[in-house]
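Peer 1: Below is the structure I would like to discuss, written out as structure tokens.
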Amino acid sequence: MTAVPTPSRTYDLSFARWVRENVEGGDKLNMCMQCGMCSGSCPNGQEMDNGPRKLFMMVRAGLKDEVLSSSTLWECTSCYRCYVRCPRGIPVTTIVQHLAALAAKEGYAPKNKVENYFFSKAFWWSAESFGKTDERLVTMKYFFSFGFGEGIRKALDNLKIALGMIKAGRMHIGLPHTIKNKSQLKAMIAKAKELEQKG
Amino acid sequence: MTFVERRGTMAQDGPHSQTIAVIGGGIAGLTAALEAAETGYDVILIEKEPALGGRVTRLNRYFPKFCHPTCGLEINYQRLRKNPRVKVLTMHEVVAVDGEKGNYTITAKKLPRFVNEKCTACGECGKVCETEIDDPYNYGMSKVKAARLPHEHAWPMRYVIDPVVKGTDDQKRIEEACKYGAVDFSEEEEEVTINAGAIVWATGWRPYDARKLETYHYDSSPDIINNVEMERLANHDGPTGGKVVRPSNGEPAKKVALIQCAGSRDVNHLPYCSMICCLASLKHAAYVLEQYEDAEVHMYYIDIRAHDKMQTFYERLKVDPRLKFIKSKPAEIGLGEDGRPYVKGERTIDRELYCESYDLVVLATGMEPEAKGVDIKGDVVKDEDGFVLALEGEDGGQFSCGVAAGPFDVALSTMSGTAAALKAIQAVGAR
Chain A
1 MTAVPTPSRT
11 YDLSFARWVR
21 ENVEGGDKLN
31 MCMQCGMCSG
41 SCPNGQEMDN
51 GPRKLFMMVR
61 AGLKDEVLSS
71 STLWECTSCY
81 RCYVRCPRGI
91 PVTTIVQHLA
101 ALAAKEGYAP
111 KNKVENYFFS
121 KAFWWSAESF
131 GKTDERLVTM
141 KYFFSFGFGE
151 GIRKALDNLK
161 IALGMIKAGR
171 MHIGLPHTIK
181 NKSQLKAMIA
191 KAKELEQKG
Chain B
200 MTFVERRGTM
210 AQDGPHSQTI
220 AVIGGGIAGL
230 TAALEAAETG
240 YDVILIEKEP
250 ALGGRVTRLN
260 RYFPKFCHPT
270 CGLEINYQRL
280 RKNPRVKVLT
290 MHEVVAVDGE
300 KGNYTITAKK
310 LPRFVNEKCT
320 ACGECGKVCE
330 TEIDDPYNYG
340 MSKVKAARLP
350 HEHAWPMRYV
360 IDPVVKGTDD
370 QKRIEEACKY
380 GAVDFSEEEE
390 EVTINAGAIV
400 WATGWRPYDA
410 RKLETYHYDS
420 SPDIINNVEM
430 ERLANHDGPT
440 GGKVVRPSNG
450 EPAKKVALIQ
460 CAGSRDVNHL
470 PYCSMICCLA
480 SLKHAAYVLE
490 QYEDAEVHMY
500 YIDIRAHDKM
510 QTFYERLKVD
520 PRLKFIKSKP
530 AEIGLGEDGR
540 PYVKGERTID
550 RELYCESYDL
560 VVLATGMEPE
570 AKGVDIKGDV
580 VKDEDGFVLA
590 LEGEDGGQFS
600 CGVAAGPFDV
610 ALSTMSGTAA
620 ALKAIQAVGA
630 R
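Top to bottom, those sequences are chains A and B.
Per this note's numbering, the first sequence starts with residue 1, numbered consecutively.
Per this note's numbering, the second sequence starts with residue 200, numbered consecutively.
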């Protein structure tokens with residue numbers, strides 16, 4: 001008789017419960033029947049390491065580190081196809097998005113690895129600061145998230161596209177777009193953050 | 200009580216009718232009607248189509264033994280022929296039911312057949328008729344003359360004429376062709392009422408509308424069909440004479456995909472498991488493997504549900520290397536650039552994304568109860584999915600059997616038919 005095998009991965013069996021209690025829509029996750037409709041429907045599925053179906057199975061198995069550092073969280077574009085098609089009515093998009101937010105908070109979104117994390121941050125920075133997204137500022141902020149040298153390189157690589165867009169009137173020159181009454185937006189965001197803190 | 204006394208209650212409008220009305224002449228309704236009649240009760244069997252047999256008469260084979268459904272129906276028709284207690288009303292569509300145990304009033308719409316009981320099924324009217332309609336027997340996969348025998352196994356063996364010919368030259372030709380005075384175009388649609396002491400709902404099912412499965416693009420190609428159409432395709436009196444071919448061009452359908460849970464087990468469609476589809480699809484795999492040596496059949500599934508003894512049937516087919524099982528609910532089906540349908544999704548065993556082309560894609564659409572839209576009052580209810588259920592603990596006179604009561608296969612439908620007959624007898628007989 002050979003020895004009992006030692007698992008090569010760490011399984012945290014309390015993780016599924018944690019997801020159930022802390023992730024929005026996580027209480028529906030136990031409805032998943034592993035049919036593959038979500039991953040098969042995902043327009044960005046090829047870019048994902050796991051896809052939502054496998055990710056959900058990994059949550060059940062307790063593969064905490066693998067789940068929270070999965071590229072699936074950051075490749076989701078919130079198109080909601082998986083959500084509307086899920087035969088068990090699981091809010092797939094909501095779960096994936098909230099897992100991404102929690103993963104970032106827990107420090108599972110390592111620099112130089114998760115590009116979409118940088119993009120999300122740049123997007124949010126613009127939305128929070130001006131009440132609108134400014135295409136130039138979001139792009140620049142995103143490029144320079146990778147470091148100064150890399151930022152310059154990425155900017156030069158995309159110069160031609162940028163000039164083309166300006167010529168076609170798809171990118172404006174001048175001050176950033178802003179909304180009126182920015183203070184109201186700031187108050188709203190502060191309130192939302194306060195509510196989030198309360199849980 | 201003697202039989203004579205019981206017979207006296209037939210069609211009586213009194214408050215304590217002992218007649219049992221069975222709504223639906225499929226395998227479950229036929230069974231219920233015959234079982235009740237053979238114990239000495241008067242039965243009115245109400246069928247909305249021109250012939251009995253329902254969905255079963257349209258099947259090619261039964262699982263698991265691959266025998267012909269016509270055989271079982273034939274036995275029932277012989278019982279019917281021998282038993283004067285069953286009164287069969289075809290082309291009667293029930294629209295409302297009212298009343299209580301011992302005194303129900305059934306309102307039915309009587310559709311014109313334009314052919315009376317003098318018909319000998321000689322076929323002369325069909326020969327002269329030029330108008331063609333989509334053949335309802337073949338789910339519209341082929342054309343048929345407007346004056347036709349519903350199918351070769353029809354009971355009653357009597358022609359039916361589609362109302363489209365009324366007032367056309369065809370009407371004259373048909374009237375002149377009939378030597379027996381059986382054609383009667385004066386028939387009109389009318390409302391009739393039927394009295395009964397107990398009612399058995401055996402209204403059966405219809406395939407879930409595949410058009411509602413938006414991502415499966417049923418209408419994009421004639422090579423994407425549903426499971427009841429596959430039965431017709433394989434049947435000797437079907438649109439292709441029994442050859443499983445691509446409906447688009449008639450070429451052999453050697454590479455076939457069978458898609459499970461097309462509409463079933465889905466909160467956006469039918470939330471329940473339709474129970475028969477896995478086995479029906481295994482049967483379809485057998486049709487293809489039987490016809491082509493070099494066939495390739497892929498069955499896409501969430502999990503194979505071969506209930507109770509049917510597991511053996513599944514195990515038996517599983518050994519054929521030409522039949523592959525792919526664990527995945529396909530996300531998308533459509534018409535590819537090569538003119539063949541494709542199936543796209545994620546294989547859940549190894550998380551590979553696939554896109555595969557086929558000659559023929561068969562959607563295993565689930566069973567939807569046909570009783571939707573009928574106004575039922577009193578001691579039965581329709582559950583949230585539309586199945587008819589007798590109210591538990593109620594001393595009522597309405598019962599259900601077959602797929603009207605739940606997603607059953609043929610064996611369970613006949614058993615529930617017998618059970619419902621007993622309940623109906625208890626309801627009208629207990630004095």
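Idealized CB from N, CA, C, for every residue including glycine.
Please identify, using Cβ separations under 7 Å, the residues of the segment 27-44 of chain A that lie next to chain B, in order along the chain.
Peer 2: For the segment 27-44 of chain A, which is checked against every Cβ of chain B, the residues closer than 7 Å are M33, Q34, C35, G36, M37, S39, G40 and S41.
Peer 1: Starting from A:G62, find everything on chain B with Cβ-Cβ shorter than 9 Å and list it in chain order.
Peer 2: Working through the first sequence from its first residue, we reach residue 62 of chain A at position 62. Within 9 Å Cβ-Cβ: nothing; A:G62 doesn't reach chain B, min ~18 Å.
Peer 1: Cβ closer than 9 Å: which chain B residues qualify as neighbours of A:R53?
Peer 2: In the first sequence, the residue the question calls residue 53 of chain A occupies position 53. Neighbours of A:R53 on chain B, chain order: E545, T547 and R550.
Peer 1: Run through chain B and tell me which residues come within less than 8 Å of A:N50, C-beta to C-beta.
Peer 2: On the first sequence, position 50 is the one that residue 50 of chain A refers to. Those within 8 Å of A:N50 in chain B are R550.
Peer 1: What residue from A:P43, A:Y117, A:V23 and A:V84 has the CA that sits closest to A:H98's CA?
Peer 2: Here the question's residue 98 of chain A lines up with position 98 in the first sequence. The shortest C-alpha separation from A:H98 is found at A:V23.
Peer 1: Could you tell me the alpha carbon to alpha carbon distance between B:V287 and B:A307, rounded to whole angstroms?
Peer 2: Translated into positions along the second sequence, residue 287 of chain B becomes position 88. Translated into positions along the second sequence, residue 307 of chain B becomes position 108. Cα to Cα, B:V287 sits roughly 14 Å from B:A307.
Peer 1: Which partner residues of B:L552 appear in the DSSP bridge assignment?
Peer 2: Residue mapping note: residue 552 of chain B aligns to position 353 of the second sequence, counting from 1. In DSSP, B:L552 forms a bridge with B:E545.
Peer 1: Any beta-carbon of chain A closer than 8 Å to the one on B:N467?
Peer 2: Residue numbering aside, residue 467 of chain B sits at position 268 when the second sequence is read from its first letter. With 8 Å as the cut-off, B:N467 counts as an interface residue toward chain A.
Peer 1: Kindly give me the distance between the Cβ atoms of B:F313 and B:D383, rounded to whole angstroms, as I take these residues to be in contact under 8 Å.
Peer 2: One-based indexing of the second sequence puts residue 313 of chain B at position 114. One-based indexing of the second sequence puts residue 383 of chain B at position 184. Yes, B:F313 and B:D383 are in contact; Cβ-Cβ is about 6 Å, under 8 Å.
Peer 1: Where does A:Q34 fall in DSSP's three states?
Peer 2: For the purposes of this step, residue 34 of chain A is identified with residue 34 of the first sequence, where counting begins at 1. Here A:Q34 sits in coil by DSSP.
Peer 1: Report yes or no: do three or more beta-carbon pairs, one from the segment 365-384 of chain B and one from the segment 290-305 of chain B, lie closer than 8 Å?
Peer 2: no
Peer 1: If the criterion is Cβ atoms closer than 8 Å, does the pair B:V573 and B:V242 meet it?
Peer 2: One-based indexing of the second sequence puts residue 573 of chain B at position 374. One-based indexing of the second sequence puts residue 242 of chain B at position 43. For B:V573 and B:V242, no; Cβs fall outside 8 Å.
Peer 1: Run through DSSP, which three-state label would B:E536 get?
Peer 2: On the second sequence, position 337 is the one that residue 536 of chain B refers to. Coil, per DSSP.
Peer 1: Determine the chain A residues that contact B:P529 at a beta-carbon separation under 7 Å, and present them in chain order.
Peer 2: Taking the second sequence and counting its residues from 1, one reaches residue 529 of chain B at position 330. Under the 7 Å cutoff, chain A gives G40.
Peer 1: Consult DSSP for B:M498 and reduce its assignment to one of helix, strand or coil.
Peer 2: Numbered from 1 along the second sequence, position 299 holds the residue referred to as residue 498 of chain B. The answer is strand: DSSP assigns B:M498 an E or B state.
Peer 1: CA-CA distance, A:N112 and A:A16?
Peer 2: Start at 1 with the first residue of the first sequence, and residue 112 of chain A comes out as number 112. Start at 1 with the first residue of the first sequence, and residue 16 of chain A comes out as number 16. For A:N112, the predicted model reports a pLDDT of 48, less than 50, meaning its position is unreliable and no value from the coordinates is stated.
Peer 1: For B:G592, does the count of other Cβ atoms within 10 angstroms reach 16, so buried, or fall short, so exposed?
Peer 2: In the second sequence, counting from the first residue as 1, residue 592 of chain B sits at position 393. B:G592 comes out exposed.
Peer 1: Check whether the segment 443-459 of chain B touches the segment 594-611 of chain B, taking contact to mean three or more Cβ pairs, one atom from each stretch, closer than 8 Å.
Peer 2: no
Peer 1: Report all residues from its chain with a CB closer than 6 Å to the CB of B:R372; omit the five preceding and five following residues, and keep chain order.
Peer 2: Translated into the one-based positions of the second sequence, residue 372 of chain B becomes position 173. Around B:R372: V327.
Peer 1: Can at least three beta-carbon pairs, one atom from the segment 244-258 of chain B and one from the segment 219-234 of chain B, be found at a separation below 8 Å?
Peer 2: Yes: the two stretches touch, three or more of their Cβ pairs being nearer than 8 Å.
Peer 1: Should B:I501 be flagged as near chain A, meaning a C-beta pair shorter than 8 Å?
Peer 2: The residue you call residue 501 of chain B lines up with position 302 of the second sequence. Yes, because at least one Cβ of chain A sits closer than 8 Å to the Cβ of B:I501.
Peer 1: Out of curiosity, what's the CA-to-CA distance linking B:V359 and B:Y417?
Peer 2: Position 160 of the second sequence holds residue 359 of chain B. Position 218 of the second sequence holds residue 417 of chain B. B:V359 and B:Y417: Cα-Cα distance of roughly 31 Å.
Peer 1: Taking B:L522 as part of the beta strand (DSSP E), name the residues at either end of that continuous run.
Peer 2: Stepping through the second sequence from its first residue, residue 522 of chain B is reached at position 323. L522 to K526 is the extent of the beta strand (DSSP E) around B:L522.
Peer 1: So is B:T330 in contact with chain A if we call contact Cβ pairs under 8 Å?
Peer 2: As a working note, residue 330 of chain B is residue 131 in the second sequence. By this cut-off, B:T330 is not an interface position.
Peer 1: Please report how far the alpha carbon of B:Y415 lies from the alpha carbon of B:L457, in whole angstroms.
Peer 2: As a first step, residue 415 of chain B must be located in the second sequence, where it is residue number 216. As a first step, residue 457 of chain B must be located in the second sequence, where it is residue number 258. So the two alpha carbons sit approximately 13 Å from each other.
Peer 1: What are the boundary residues of the alpha helix (DSSP H) that B:P268 is part of?
Peer 2: Sequence index remark: in the second sequence, residue 268 of chain B carries index 69 (1-based). That run of the alpha helix (DSSP H) goes P268 to K281.
Peer 1: Which residues does DSSP pair with B:Q597 in a beta bridge?
Peer 2: Locating residue 597 of chain B in the second sequence gives position 398, where the first residue counts as 1. According to DSSP, which records beta bridges pairwise, B:Q597 is partnered with B:I398.
Peer 1: Can you check whether the C-beta of A:N112 is within less than 8 Å of a C-beta belonging to chain B?
Peer 2: One-based indexing of the first sequence puts residue 112 of chain A at position 112. A caution first: A:N112 carries a pLDDT of 48, below 50, which makes its placement in the model unreliable, though a value can still be read off. With 8 Å as the cut-off, A:N112 does not count as an interface residue toward chain B.
Peer 1: What does DSSP give as the partner residues of B:Y303 in its beta bridges?
Peer 2: Counted from its first residue, the second sequence places residue 303 of chain B at position 104. In the DSSP output, where bridge partners are listed per residue, B:Y303 has B:G298 and B:A395.
Peer 1: For A:M1, list the residues DSSP reports as bridge partners.
Peer 2: Taking the first residue of the first sequence as position 1, residue 1 of chain A is located at position 1. DSSP, once it has assigned bridges, lists no residue as partnering A:M1.
Peer 1: Does the beta-carbon of B:E545 have 16 or more other beta-carbons within 10 angstroms, so that it is buried, or is it exposed?
Peer 2: For the purposes of this step, residue 545 of chain B is taken as the residue at position 346 of the second sequence. That one is buried.
Peer 1: Can you list the residues of chain A that B:T414 reaches, using a CB-CB cut of under 8 Å?
Peer 2: Position 215 of the second sequence holds residue 414 of chain B. What B:T414 touches in chain A: S41 and R85.
Peer 1: Apart from the five residues just before and just after B:D578, which ones in its own chain have a Cβ nearer than 6 Å to its Cβ?
Peer 2: Counting from one through the second sequence, the residue named residue 578 of chain B turns up at place 379. So the list reads L590, E593, G595 and Q597, once near-sequence residues are dropped.
Peer 1: Step through the CB atoms of chain A and report whether any lies within less than 8 Å of the CB of B:R464.
Peer 2: If you number the second sequence from 1, residue 464 of chain B lands on position 265. It does: the Cβ of B:R464 has a partner Cβ on chain A nearer than 8 Å.
Peer 1: List the residues that DSSP assigns as beta-bridge partners of B:D157.
Peer 2: Residue 157 of chain B is absent from the model: chain B starts at 200 and stops at 630.
Peer 1: Which residue wins for smallest C-alpha separation from B:I274, given the options B:Y486, B:K526 and B:T256?
Peer 2: Looking up residue 274 of chain B in the second sequence gives position 75. Considering only alpha carbons, the answer is B:T256.
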